[in-house]
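Just below is one structure, and these are the notes that go with it.
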Amino acid sequence: MMFSTKAEYGVRVMVELARRAGGVGGGPVPLAEIAAHDGLPLAYLEHLAARLRKAGLIDSRRGSRGGYLLARSPTEITMAEVVEALEGAIAPIECISQASDGSIVCSRESDPAHVCPTKLLWTRVRFAIVRTLQETTLADLVLSPALLDPSTLPPRTALKSIDREPLTTGA
8 MMFSTKAEYG VRVMVELARR AGGVGGGPVP LAEIAAHDGL PLAYLEHLAA RLRKAGLIDS
68 RRGSRGGYLL ARSPTEITMA EVVEALEGAI APIECISQAS DGSIVCSRES DPAHVCPTKL
128 LWTRVRFAIV RTLQETTLAD LVLSPALLDP STLPPRTALK SIDREPLTTG A
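Numbering (my numbering), first residue to last: 8 to 178.
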């Protein structure tokens, strides 16, 4: 599965906002600075910033000292929120989606007699992706790569709304 440049660039914008402004309470950062620093197209970043703002992840300030800043602390912003704000619902293949009750639905299972033989695989893939995105906060990404050794991070076991129950295989 590949995420689009919306997710890639959007995550980079969020990391830069956290780094440059020091999180909530720091000063606004102009997108033009981020675009120039990272070699990204400003017009595209403006489009992504509008999505992130609509999702309540960033705020904007107008004026000569204006720009964007995080709406919450980097420790409170998960990559699941960022990616979903930019990409929409996370699904490894087109026929798999999440129903309003949280269950996973395969569009090929239109009648009860037809069971999708690959639903288990794609459900597991989706949950692994979602769980990883939920367990990774913006603060995790702001840490220096030299200090970030995944084997030293504490395990995160709390499941969030998108993944309420652990996946069971029935075995």
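Glycine included, each C-beta is placed from N, C-alpha and C at the ideal position.
As the structure is a computational prediction, the values presented were derived from the model and not from experiment.
Continuous beta strand (DSSP E) stretch holding residue i: start and end
i, result
"ILE100", "Here ILE100 belongs to no beta strand (DSSP E), and DSSP marks it neither H nor E."
"VAL112", "111 to 113"
"LEU77", "74 to 77"
"SER107", "Careful: SER107 lies outside any beta strand (DSSP E) and carries neither H nor E."
"SER71", "It is not in any beta strand (DSSP E) - SER71 carries neither H nor E in the DSSP assignment."
Rounded C-alpha distance that separates residue i from residue j
i, j, result
"ILE111", "GLY70", "46 Å"
"SER67", "SER11", "24 Å"
"LEU93", "LEU140", "13 Å"
"VAL137", "GLY34", "31 Å"
"ARG79", "VAL20", "15 Å"
"ALA56", "VAL149", "19 Å"
"ILE65", "ALA120", "46 Å"
"GLU40", "GLY17", "15 Å"
"ALA84", "ARG115", "As written in the sequence, residue 84 is Ile, which differs from the Ala given in the question. Taking the straight line from one Cα to the other gives about 34 Å."
"GLY74", "LYS13", "19 Å"
"ALA106", "ARG72", "44 Å"
"SER117", "LEU59", "35 Å"
"ASP147", "CYS113", "33 Å"
"LEU77", "LEU38", "13 Å"
"GLU142", "ALA96", "17 Å"
"ARG133", "ALA98", "6 Å"
"LEU145", "ALA50", "23 Å"
"CYS102", "ALA62", "25 Å"
"SER104", "VAL36", "36 Å"
Span of the alpha helix (DSSP H) around residue i
i, result
"ARG60", "49 to 61"
"ILE41", "38 to 45"
"ILE136", "126 to 142"
"LEU4", "Because the chain is modelled from 8 through 178, residue 4 falls outside the range shown and cannot be assessed."
Cβ-based burial, residue i [other Cβ within 10 Å; buried from 16]
i, result
"ALA81", "The sequence given here places Pro at residue 81; Ala does not occur at that position. Counting Cβ neighbours within 10 Å, PRO81 comes out buried, since at least 16 surround it."
"VAL122", "exposed"
"ALA87", "buried"
"ALA42", "buried"
"ILE100", "exposed"
"ALA25", "buried"
"GLU53", "exposed"
Beta carbon proximity, residue i to chain D, threshold 9 Å
i, result
"ARG133", "Looking for chain D here will not work: only one protein chain is present."
Residue(s) in a DSSP beta bridge with residue i
i, result
"ASP147", "Answer by DSSP bridge pairing: none, since ASP147 is not bridged."
"SER11", "BP columns for SER11 are empty, so no partner."
| task | Pair every Cβ in the stretch 113 to 129 with every Cβ in the stretch 32 to 51, then say whether three or more of these pairs are closer than 8 Å. | result | Not touching, per the Cβ criterion.
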